[in-house]
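Residue numbers (my numbering), protein chains in the order written: chain A, 9 to 259; chain B, 12 to 287.
Listed below in structure tokens is the structure:
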């Protein structure tokens with residue numbers, strides 16, 4: 009069975025196919041890996057701006073210029089996590105409890121309230137697919153999934169990737185649709201662990217494993233590139249890749 | 012006129028109740044003066060209103076834990092890979108600090124307004140976030156007049172009383188070199204004065220080097236400088252040195268409890284002489 013992490017990176021990479029310029033925030037090792045992999049597979053046409061190391065930050069001002077670029081439509085892909093995500097694709101990075109003395113206090117909304125609205129093709133992700141993360145209604149909206157027609161909003165969500173499955177998001181319907189279930193998981197299990205209502209694709213798929221070319225590129229080049237920003241993450245990913253290659257040889 | 016100061020003299024320029032701007036502690040563009048932060052704590056300051064530009068970690072967390080802080084606004088505060096900012100999480104739960112909910116681009120816009128001498132700045136996005144509701148007494152949504160039918164958020168200017176930063180270089184004319192650090196630049200332009208510690212003296216005038224010139228923060232903004240090699244420790248500082256992971260783990264662990272944090276302060280802040 010393929011590692012959850014490799015499957016996750018493979019899915020994020022596929023969701024970047026055909027994009028022009030992806031923005032990667034801080035503390036995002038798997039999205040950074042997917043971006044670097046997608047760049048290698050795109051024949052270097054995908055541009056990357058990633059926080060964390062100067063080798064991936066092609067800006068002459070490392071603060072204002074990010075929001076300027078986002079507001080001018082220079083980025084067309086973005087990844088975003090959330091402490092809670094609800095069925096309308098609202099995300100909560102603030103916490104849980106009665107403001108201002110929150111019982112659960114997360115690090116903060118970061119740039120998401122703007123970036124989610126300015127950057128098209130935003131992919132949401134969670135590392136835990138449970139009813140406490142995927143909730144009917146977030147306790148606080150850091151950044152909202154949809155806006156009314158009057159609001160200037162070129163950006164927004166297209167998908168939600170979890171350790172169990174992949175949902176797409178319809179802006180018109182304001183709802184998620186279950187598109188594929190990861191190997192070793194089931195649609196019933198997804199339903200059991202999801203706190204919000206969603207649609208289900210008529211042709212429900214199994215989430216495809218990363219392709220052979222993805223593995224080769226990851227191994228030959230991308231692990232090296234990611235290690236510059238995330239050395240610890242890269243070491244564990246290296247092990248996943250090694251196991252995968254060993255399994256491929258055994259077969 | 013920029014004054015050369017020791018770190019205690021530099022810290023003495025910050026007063027109780029000041030709005031204090033601190034630059035980000037993230038990645039290789041962190042520019043935090045930790046040495047001056049310890050001096051602020053030794054000074055026993057009260058009621059600081061922190062503006063994180065737009066994020067912080069151990070620096071803001073220590074000031075909060077030491078009882079120096081009344082309010083805080085930020086895009087994000089955590090110890091990054093060492094976990095949550097424990098004193099911050101605890102202080103807000105106990106109601107000891109006021110958290111003014113915000114987001115990175117709102118802080119950037121508010122400082123840009125102050126930098127330009129404007130009372131406010133429009134900023135895209137953010138509408139529909141609960142942050143707008145939680146800041147309703149200060150923030151405002153108007154209709155774009157060019158043309159109407161386009162709601163847009165206004166945030167009032169933030170003009171810090173002081174900006175505190177750490178820089179790689181300073182010259183004898185009081186100029187400091189910050190490179191492309193946009194956090195430090197907009198913060199320093201917006202603030203009434205900038206206090207800077209730095210790693211090394213630059214011989215000559217930084218403006219004479221055309222490669223460096225666009226990364227210089229001119230002396231006119233800088234009230235005082237203090238030569239403090241490794242002044243960002245235990246944080247890392249760009250190409251100069253990496254963060255001290257062991258010290259960060261020590262802090263993350265000890266700051267989880269009141270007693271642990273108090274002993275950390277005693278050992279690392281109060282019982283040390285850092286006057287250079």
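The C-beta atom is built at its ideal place from N, Cα and C for all residues, glycine as well.
Neighbourhood of residue i by C-beta distance below 6 Å, restricted to the same chain and skipping five residues each side
| i | result |
| --- | --- |
| residue 182/B | 213, 216 and 217 |
| residue 275/B | 265 |
| residue 233/A | 44 |
| residue 21/A | 42, 45 and 46 |
| residue 184/B | 216 and 230 |
| residue 58/B | 27, 28 and 81 |
Where the beta strand (DSSP E) through residue i begins and ends
| i | result |
| --- | --- |
| residue 161/B | Residue 161/B -> no beta strand (DSSP E), and no H or E assigned at all. |
| residue 109/A | 109-113 |
| residue 231/B | Per DSSP, residue 231/B belongs to no beta strand (DSSP E) and is neither H nor E. |
| residue 149/B | Where residue 149/B is concerned, there is no enclosing beta strand (DSSP E), given that its DSSP letter is neither H nor E. |
| residue 243/A | No beta strand (DSSP E) contains residue 243/A, which is instead part of the alpha helix (DSSP H) from 239-258. |
| residue 211/A | 207-214 |
| residue 55/A | 55-58 |
| residue 213/B | 205-213 |
Distance between residue j and residue i (C-alpha atoms, nearest Å)
| i | j | result |
| --- | --- | --- |
| residue 97/B | residue 72/B | 7 Å |
| residue 71/A | residue 244/A | 31 Å |
| residue 186/A | residue 56/B | 54 Å |
| residue 140/B | residue 67/B | 22 Å |
| residue 289/B | residue 265/B | One cannot answer for residue 289/B here, as it falls past the ends of chain B, which runs 12 to 287. |
| residue 227/B | residue 18/A | 43 Å |
| residue 253/B | residue 184/A | 43 Å |
| residue 65/B | residue 64/A | 20 Å |
| residue 248/A | residue 28/B | 52 Å |
| residue 181/A | residue 205/A | 12 Å |
| residue 42/A | residue 84/A | 15 Å |
| residue 216/A | residue 191/A | 8 Å |
| residue 45/B | residue 32/A | 28 Å |
| residue 272/B | residue 279/B | 10 Å |
| residue 194/A | residue 169/A | 15 Å |
| residue 197/B | residue 50/A | 36 Å |
| residue 74/B | residue 109/B | 14 Å |
| residue 222/A | residue 236/A | 20 Å |
| residue 16/B | residue 100/A | 44 Å |
| residue 133/A | residue 167/A | 8 Å |
| residue 159/A | residue 129/B | 25 Å |
| residue 26/B | residue 202/B | 14 Å |
| residue 133/B | residue 79/A | 12 Å |
| residue 56/A | residue 190/B | 21 Å |
| residue 211/A | residue 30/B | 57 Å |
Limits of the unbroken alpha helix (DSSP H) element including residue i
| i | result |
| --- | --- |
| residue 125/A | 120-126 |
| residue 259/B | 256-265 |
| residue 41/A | 37-49 |
| residue 115/B | 115-126 |
| residue 21/A | 12-22 |
| residue 89/A | Counting along the chain, residue 89/A falls outside any alpha helix (DSSP H), though it belongs to the beta strand (DSSP E) covering 85-89. |
| residue 189/A | Where residue 189/A is concerned, there is no enclosing alpha helix (DSSP H), although the beta strand (DSSP E) it sits in stretches over 183-189. |
| residue 139/B | Here residue 139/B belongs to no alpha helix (DSSP H), and DSSP marks it neither H nor E. |
| residue 93/B | Element bounds for residue 93/B: n/a, residue is neither H nor E. |
| residue 173/A | Run containing residue 173/A: none in the alpha helix (DSSP H); it sits in the beta strand (DSSP E), 173-178. |
| residue 269/B | 269-276 |
| residue 221/B | 221-224 |
7 Å Cβ cut-off: residues of chain C touching residue i
| i | result |
| --- | --- |
| residue 115/B | Judged by its chain identifiers, the structure shown contains no chain C, and its protein chains are A and B. |
Residues near residue i in its chain [Cβ-Cβ closer than 7 Å; skip 5 each side]
| i | result |
| --- | --- |
| residue 27/A | 54, 84, 85 and 129 |
| residue 251/B | 179 and 210 |
| residue 214/A | 188, 189 and 191 |
| residue 145/A | 94 |
| residue 131/B | 124, 165, 166, 167 and 168 |
| residue 152/A | 98 |
| residue 203/A | 139, 142, 143 and 144 |
Own chain residues within Cβ distance below 8 Å of residue i, not counting five before or after
| i | result |
| --- | --- |
| residue 135/A | 89 and 171 |
| residue 115/A | 101 |
| residue 193/B | none |
Three-pair Cβ contact test at 8 Å for the region 146-159 of chain B versus the region 242-255 of chain A: no
Three-pair Cβ contact test at 8 Å for the region 128-136 of chain A versus the region 103-119 of chain A: no
Stretch-stretch touch, CB-based, cutoff 8 Å, three pairs: the region 72-91 of chain B with the region 107-117 of chain B: yes
Residues in the region 143-162 of chain B having any Cβ partner in chain A nearer than 8 Å: 145, 160, 161 and 162
Near-chain A residues of the region 182-198 of chain B - C-beta to any C-beta below 8 Å: 191, 192, 193, 194, 196 and 197
Contact the region 97-108 of chain B vs the region 121-138 of chain B: 3+ CB pairs below 8 Å: no
Chain B contacts from the region 152-181 of chain A (Cβ-Cβ distance under 7 Å): 152, 155, 158, 159 and 160
Where the region 219-239 of chain B meets chain A: residues whose CB sits under 7 Å from a CB there: none
Members of the region 65-76 of chain A near chain B, C-beta cut-off 9 Å: 65, 67, 68, 69, 70, 71, 72, 73, 74 and 75
Chain A contacts made by the region 14-44 of chain B, where a contact means CB separation under 7 Å: 37, 38, 39 and 40
Short-range partners of chain A found in the region 60-86 of chain B, where Cβ spacing is below 7 Å: 85 and 86
Positions along the region 89-104 of chain B whose CB lies within less than 8 Å of some CB in chain A: 89, 91, 92, 95, 96, 99, 100, 103 and 104
Within 9 Å of chain A by C-beta, residues of the region 123-139 of chain B in sequence order: 123, 134, 135, 136, 137, 138 and 139
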